[in-house]
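In the working numbering, the protein residues as written are 136 to 369.
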């Protein structure tokens, strides 16, 4: 049994396997909020700002206000992800990345519990906050920067890497293309899963995304135990 457990791949904060799981969650959440919550993007704040501007330009002031709270929640998530990196806070949490994953799970479980009568803006704000935590905390695949909640930058990086791999015969670029291509497909799979599950299951389908985060959390610390020994920060 011990040998079987040792064969299970563990996840580091910049592993491709963790990136795949988080990209699935990212795609899932965007599809979930767009379908079930007023067509608002929880992850893509660029889209929300554009839609805000379009509605405001058309004189739809009340409608444009729907896009402001998710943007503010996203900003709050970035601030929280930076606060947990402060040395004494990191020592208190033992592992701030693990703490972020746990917080994400809790928020998504809470969203799934909310009744349908709860205003959509409450849900989109919660998910925008979760998305911000994820994008700010887990932003590396190996040594490359990536995004687990949006795919535009990943698509650009994959295209550039493909060019270098084909034209320049760059082996590192070939590896980079493969890994980013997998992340893009994972995001697409997450969006498809979010679309079908939200359509046929409803609001509680968000627990699927929470379950994926639980799997990521378990694998991430499989070989480290629940609590790590305090480390000396440089």
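Ideal Cβ placement from N, Cα and C applies to all residues, glycine included. Model, not experiment: these values are computed from the prediction.
Query: Chain-order list of residues whose beta-carbon lies under 8 Å from that of residue 240 (same chain, five-residue window excluded); Result: 345, 348, 349, 352
Query: One or two residues paired with residue 279 in a DSSP bridge; Result: 276
Query: Cβ distance (whole Å) where residue 130 is taken to contact residue 331 below 8 Å; Result: In this structure the chain extends from 136 to 369, so residue 130 is not present and cannot be described.
Query: Neighbour-count burial assignment, residue 314, 16 or more Cβ in a 10 Å radius; Result: buried
Query: Test item: CB-CB of residue 286 and residue 312 under 7 Å; Result: no
Query: Three-state class that DSSP yields for residue 216 in the structure shown; Result: helix
Query: The region 245-256 touching the region 180-199, judged by at least three CB pairs closer than 8 Å; Result: no
Query: Residue 292, buried or exposed, once every other Cβ within 10 Å from all chains shown has been counted against 16; Result: buried
Query: Segments of 4+ residues assigned as alpha helix (DSSP H) that fall wholly inside the region 292-335; Result: 306-335
Query: Endpoints, the alpha helix (DSSP H) within which residue 183 is located; Result: 180-192
Query: Burial state of residue 137, where buried means 16 or more other Cβ atoms lie within 10 Å; Result: Low local confidence applies: a pLDDT of 46 at residue 137 is under 50, so the model's placement there is unreliable, with the coordinate-based value given in what follows. Counting Cβ neighbours within 10 Å, residue 137 comes out exposed, since fewer than 16 surround it.
Query: Cα-Cα separation, residue 305 to residue 155; Result: 24 Å
Query: Buried versus exposed, by CB contacts within 10 Å (16 or more), residue 205; Result: buried
Query: Per-residue burial, residue 264 [other beta carbons within 10 Å of its own, 16 or more giving buried]; Result: buried
Query: Bounding residues of the alpha helix (DSSP H) (the contiguous stretch that carries residue 352); Result: 341-355
Query: Alpha helix (DSSP H) segments (min. 4 residues) lying fully within the region 213-273; Result: 222-228, 231-248, 255-272
Query: Separation of residue 247 from residue 337, as counted between CA atoms; Result: 9 Å
Query: Rounded distance between the beta-carbons of residue 202 and residue 183, thought under 8 Å; Result: 4 Å
Query: Integer Cβ distance of residue 212 from residue 268, believed to fall under 8 Å; Result: 5 Å
Query: Which of helix, strand or coil DSSP assigns to residue 197; Result: helix
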